[in-house]
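Protein chains: 4
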Amino acid sequence: MSTRTFAGGLWSFGRVIDRYATDGYGPPIGTLRAIELAGLSGELTALDLNYPFDEGVTVNDVRKALADHGLTTTNITPVIYDRRFRSGSFSSADPATRQAALDLAHESVEVARDLDARYVKFWPGQDGYDYPFQVDYATLRRHAIEGIRDVARNFPEVTFAIEYKLKEPRNRLFWSTAATSLLAIESMGVDNVGLVVDFGHSLFAKENPAEALLLTHSMGRLVDIELDDNYREWDDDLTVGAVHLVETLEFLYTVRQLDWPHPLKLDLFPYREDPGEAVRESVATIRALENKAARIPLDRLREAQAAHDAMTAQRLVRAALLD
Amino acid sequence: MSTRTFAGGLWSFGRVIDRYATDGYGPPIGTLRAIELAGLSGELTALDLNYPFDEGVTVNDVRKALADHGLTTTNITPVIYDRRFRSGSFSSADPATRQAALDLAHESVEVARDLDARYVKFWPGQDGYDYPFQVDYATLRRHAIEGIRDVARNFPEVTFAIEYKLKEPRNRLFWSTAATSLLAIESMGVDNVGLVVDFGHSLFAKENPAEALLLTHSMGRLVDIELDDNYREWDDDLTVGAVHLVETLEFLYTVRQLDWPHPLKLDLFPYREDPGEAVRESVATIRALENKAARIPLDRLREAQAAHDAMTAQRLVRAALLD
Amino acid sequence: MSTRTFAGGLWSFGRVIDRYATDGYGPPIGTLRAIELAGLSGELTALDLNYPFDEGVTVNDVRKALADHGLTTTNITPVIYDRRFRSGSFSSADPATRQAALDLAHESVEVARDLDARYVKFWPGQDGYDYPFQVDYATLRRHAIEGIRDVARNFPEVTFAIEYKLKEPRNRLFWSTAATSLLAIESMGVDNVGLVVDFGHSLFAKENPAEALLLTHSMGRLVDIELDDNYREWDDDLTVGAVHLVETLEFLYTVRQLDWPHPLKLDLFPYREDPGEAVRESVATIRALENKAARIPLDRLREAQAAHDAMTAQRLVRAALLD
Amino acid sequence: MSTRTFAGGLWSFGRVIDRYATDGYGPPIGTLRAIELAGLSGELTALDLNYPFDEGVTVNDVRKALADHGLTTTNITPVIYDRRFRSGSFSSADPATRQAALDLAHESVEVARDLDARYVKFWPGQDGYDYPFQVDYATLRRHAIEGIRDVARNFPEVTFAIEYKLKEPRNRLFWSTAATSLLAIESMGVDNVGLVVDFGHSLFAKENPAEALLLTHSMGRLVDIELDDNYREWDDDLTVGAVHLVETLEFLYTVRQLDWPHPLKLDLFPYREDPGEAVRESVATIRALENKAARIPLDRLREAQAAHDAMTAQRLVRAALLD
């Protein structure tokens, strides 16, 4: 896997904050400095960029910073989850907010073009609800689908991807699982909307990440892949393989079967760690696991799988992983 | 809701057994005695019948027993999850087992006709896997879908329903969530296959049951509804409302919006309780909650929901439920 | 329960922020304004106050603001979980940070005295770890226990309470469950340290909150009680009874058995809701449930419980709650 | 770790049954045949034996069968969780059932002596409750503690161990977590009762297994160690390391620090797998992981842990595990 490259989320290099450490886990870090830090990690070739950038930072500034650090743009991710969109973006109860989401999406398409990004990503983390009886589910669904469908129709030559997640910050998100999202996308009648499958999101959505990845790919809707880890109940965004090494191996084995041509993206939140270290540790783990995956004897594994023979499959995988 | 009627699963009245109390939680109870006990509960008008019946018990015996106790048949549920199918039914690795599942399905259609059942239910509880790398997900999916599609095509005038469940007895089941199942059903190209939405299954699949119910109905795939309760991690099959009263209320409120014309079915496993008591307690709770649901002021709730106004929705629901 | 009073956390009235809406779910709100908002909620008689206050706000300012709004102080909660303590307070790897935690604790004792607070609360939300192999558990345990023990010994006439929580913001916290915390407190050899049992924390720690409350009380370690709700996997801090009404009823029934003499405290994070509304909705629900709890026939329930008779207990509770 | 030996639970070699495959996952297998199969696995030196044995099988028969297959007895586990004890053993509401548990415990002590077992294990899997309001928690606690305390006092020279578990078959068990159990044991005032720490039980109790192991050991209460794996919500009893390889490594690393002198016990339920294969696969994984654990540079890891330095710890562990 010598040709494997990696992308990162710009957020991994910025200041992390949460509801307790409201003064942040470190000092503020601007867009351009975060790009520089991403470059300095030494392992990334491309970035997932939140948009808007910091006030006063232009697309040209970003392009230059990326070039300076040998980075390209995988995608633009419009920030449809900050205060303005705290109660939803495309599915907000407020038409003006829905329009603001559309406007920001359109703007993001322009930025994506300017930066040669492969796609525009929507992570509708505020599109959902928190309480029983809070919303009419049919209306929520309609708004959530129509908003993204409209953007997709406006830019038929642009690729869009939705990153699904079961919860957080809302207790329940509309774009919750691979299957829920695929079902909704199918109803759009467009062919330029797909999914980002995030290993960690899949894990705490109680999916098997490898199976979700394959399902998405088999429907022609796989746009990007993100890696991280957690304890199966929340989006802890730990370094890759920190906890679920076997399922990460199976995920990477599946990536290998798909001949995935793009960089693998890391989705990390190093609250208390150096982001460069977190990236390097994740990349080293992925590289090691991809080497292990390459050692699994395919014919024998397929034979075992054809028989649903768990013990033989375990033995083959263990030998590749631990011997 | 004076016209509301209730159905039950025959299993609730039989002997429960598990991996620890391998001598059962009570003495063996035959098919006909279980029907009698169901009738004696005093609250059921119809039953979900596992098939095959006990050895020596004929369809005529069952018909007579049902009639004797004023019961009809909601559906036949072929036992595609016992020892013979321990590694899968329609998706077994073994072609002979897949054929056995088809054969039993066909037989069940005949029994369903004989007993005037509304539908045939598949609960493919052994169709899945337990270990990472154990199966090829594409093959599993193909088998799982093709088996039921073939049955459905053979009997285009019969209604079939799949009861999805995230896990148990397999650690991971193919028919895991509403969305996963709907996506698979849509790919069948048949219109006589739908879903049974079980409140408890939905809960521990990390769905919101009311939302899953509505999604299934909106796609024209809602065949039946089952109620029970649990602690969100496992299919505990407690009496209705024992733990999640608010979400049960929202579920029943949704049932009411749908003008659901069929009996509500109970899916209980009273390991240590008298099944008649468990049924009566569940029915009393449902009746009370349906009365509460009828007290929610629809216009004001819809107005609150249109604004995603959680606090007003909470207030209206609390007033209806607790005042 | 006409004499029941309620306390609140000051944080419920401040600006909530998280890792996505880094610009906050609303505008900044200062200490004194938050106190005013707490008073305006109309339902609180006392507050849990984070310390330090905003820069420039003195204890006298706070005392006056409280008095102006008819509020007293239940307790002071030193902020041992912000950036300075991001990797732990009493159990930090850094001796200077451990000392800073001690210093802040001592300062908080003075503030608590000045404001006539009943106790000082430690919520060591950063005291734990995130990754396997990250810490030596024995050392972590020793530091966590020694720090609070030392404070308690320095102020033998002051009451201290630890609010346990399974996780967040660390993936794993040392003070994780009631039993873990009681075991650690017992090893301190002091009698002025106890626990705050938070209903929601208990729920997602997979405890039964009523049982945890009783256990803590039976060991003479119950210092305070907090209420809220969540979906059993995370500290969602929803309004009381929003999801788990039955377990909240059992919790309040237990509070009643204990003749709890203090205000019940609300621990809410109304990200997108008006905090006053969230408080009033929670109080109204508690009041309604306390009335329901008073209707449960004690003798008959105790008789059922003596027989472990779940169905009779369910019937009695349902009658009290829903009839 | 060439001297490492392994024990197994006899149940792993018997017929597994559950509430769906009520005809079992295979044919019935008697006590003596199960012992034979355990021996034939080729990896076990000792067994955890459920008692009573099959009807007609004497202690002498068992002793002979063990000897024939080169096996010894780690412990006797009285079956206090079958139909007779379906609503509890030591904590049953029924005094006669509590007495029956005591009687069986006493009988088990005799059998343990006859078979030179190191200890008697209680797994009170029916001692708990299922519904809110079902039991009085103080009474349940008193009975649960007194029963085992009485047995321990009657046989002060015998070692007893409790295997804690959060749930199953009861929805909530009294002996739920390490800390809960240690707290209860401390209150007994005896020194011959300790715990069995089961990796899988610890995992779905939301503990960190290595931390729970160390806590138990540090209090002088660690009697035995069991290994298996699951998906963090249920006692799936998968082969060791099948899912949670990193935490299993940390657990075995901790075992190594303790210089644990006894065989490591496997607690597997190979529903659909050959038990011999499941044992061999588990043992091979443990051996591989113990070799990896031995490669971790202790000084450098301890230094990283002293600084709570997650990234360095990750790097050291990854190097040992995957390089």
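Chains as they are written, first to last, in the working numbering: chain E, 1 to 323; chain G, 324 to 646; chain L, 647 to 969; chain F, 970 to 1292.
A virtual CB, placed ideally from N, CA and C, is assigned to each residue, including glycine.
Just so you know, these numbers come straight off a predicted model, no measurement behind them.
Within a Cβ cutoff of 8 Å, which residues of the same chain sit near residue i, ignoring the five residues on either side of it in sequence?
i	result
Glu-556(G)	Phe-527
Gly-70(E)	Gly-39, Thr-45
Val-190(E)	Arg-149, Ala-152, Arg-153, Pro-156
Val-339(G)	Gly-347, Tyr-348, Gly-349, Phe-592, Pro-593, Tyr-594
Val-566(G)	Asp-552, Asn-553, Tyr-554
Ser-981(F)	Ala-1007, Leu-1235, Asp-1236, Leu-1237, Phe-1238, Pro-1239, Pro-1244, Ala-1247, Val-1248
Gly-10(E)	The question names Gly, yet the displayed sequence has Leu at residue 10(E). Thr-31, Ala-34, Ile-35, Ala-38, Leu-47, Asp-48, Leu-49, Asn-50.
Gln-951(L)	Ala-959
Asn-721(L)	Asp-694, Leu-695, Ala-758, Ala-763, Arg-764, Tyr-765, Val-766, Lys-767, Ala-807, Asp-870
Asp-299(E)	none
Asp-1292(F)	none
Ser-187(E)	Ile-145
Considering only residues of the same chain and omitting the five flanking positions on each side of residue i, which have a CB-CB separation below 7 Å?
i	result
Arg-544(G)	Leu-505, Ile-508, Gly-517, Leu-518
Ala-1069(F)	Arg-1053
Thr-396(G)	Ala-369, Leu-370, Leu-372, Leu-389, Leu-438, Asp-439, Ala-440
Name the one or two DSSP bridge partners that residue i has.
i	result
Asp-341(G)	According to DSSP, Asp-341(G) bridges with nothing at all.
Gly-655(L)	Asp-694(L)
Tyr-1339(F)	No information on residue 1339(F) is available, as it lies outside the stretch 970 to 1292 that chain F covers here.
Leu-910(L)	Phe-652(L)
Near residue i, which residues of its chain fall below 6 Å by C-beta distance, leaving aside the five closest residues on each side in sequence?
i	result
Met-324(G)	Because the pLDDT of Met-324(G) is 45, which lies under 50, any placement of that residue in the model is unreliable, and the question is left without a value.
Gly-1057(F)	Gln-1095, Asp-1096
Leu-104(E)	Pro-78
Leu-1182(F)	Val-1166, Thr-1223
Asp-700(L)	Gly-676, Thr-677
His-752(L)	none
Ser-415(G)	Arg-421
In the DSSP assignment, the alpha helix (DSSP H) including residue i goes from what residue to what residue?
i	result
Ile-286(E)	275-295
Thr-1000(F)	1000-1009
Val-1286(F)	1279-1291
Ala-953(L)	No alpha helix (DSSP H) contains Ala-953(L), which DSSP labels as neither H nor E.
Looking at chain C, is there any beta carbon in it that lies within less than 8 Å of the beta carbon of residue i?
i	result
Arg-302(E)	Included in the structure are the protein chains E, G, L and F, with no chain C among them.
According to a CB-to-CB cut-off of less than 8 Å, which residues of the stretch 398-413 of chain G neighbour chain E? So the close ones are Ser-410, Gly-411.
Can you check the stretch 1096-1144 of chain F for any alpha helix (DSSP H) of at least 4 residues that lies completely inside it and give the ranges in chain order? The qualifying runs are 1106-1123.
Could you tell me which whole beta strand (DSSP E) segments of length 3 or greater appear in the stretch 63-115 of chain E? Unbroken beta strand (DSSP E) runs of no fewer than 3 residues, entirely contained in the stretch 63-115 of chain E, are found at 72-78, following chain order.
Start-end ranges of the alpha helix (DSSP H) lying completely within the stretch 178-262 of chain E, minimum 4 residues: Whole alpha helix (DSSP H) segments, 4+ residues: 178-186, 199-204, 209-218, 245-257.
Along the stretch 416-430 of chain G, what residues have a CB closer than 9 Å to any CB found in chain F? Identification of residues in the stretch 416-430 of chain G having a C-beta nearer than 9 Å to some C-beta of chain F yields an empty set.
Listed in chain order, which residues of the stretch 895-916 of chain L have Cβ atoms closer than 8 Å to some Cβ of chain G? Residues: none.
Chain-ordered residues of the stretch 453-470 of chain G with a beta carbon less than 9 Å from chain F: Listed by position along the chain: Asp-453, Tyr-454, Pro-455.
Anything in the stretch 281-297 of chain E with a Cβ closer than 9 Å to a Cβ of chain G? List those residues in chain order, please. So the list reads Ile-296, given in the order they occur along the chain.
Of all the residues that make up the stretch 230-242 of chain E, which are near chain L by a beta-carbon distance shorter than 7 Å? Listed in sequence order: Tyr-231, Glu-233, Trp-234, Asp-236, Leu-238, Ala-242.
Interfacial residues, the stretch 1270-1292 of chain F to chain L, with Cβ spacing under 9 Å: Hits within the stretch, in order: Leu-1270, Arg-1271, Ala-1273, Gln-1274, Ala-1275, Ala-1276, His-1277, Asp-1278, Ala-1279, Met-1280, Ala-1282, Gln-1283, Leu-1285, Val-1286.
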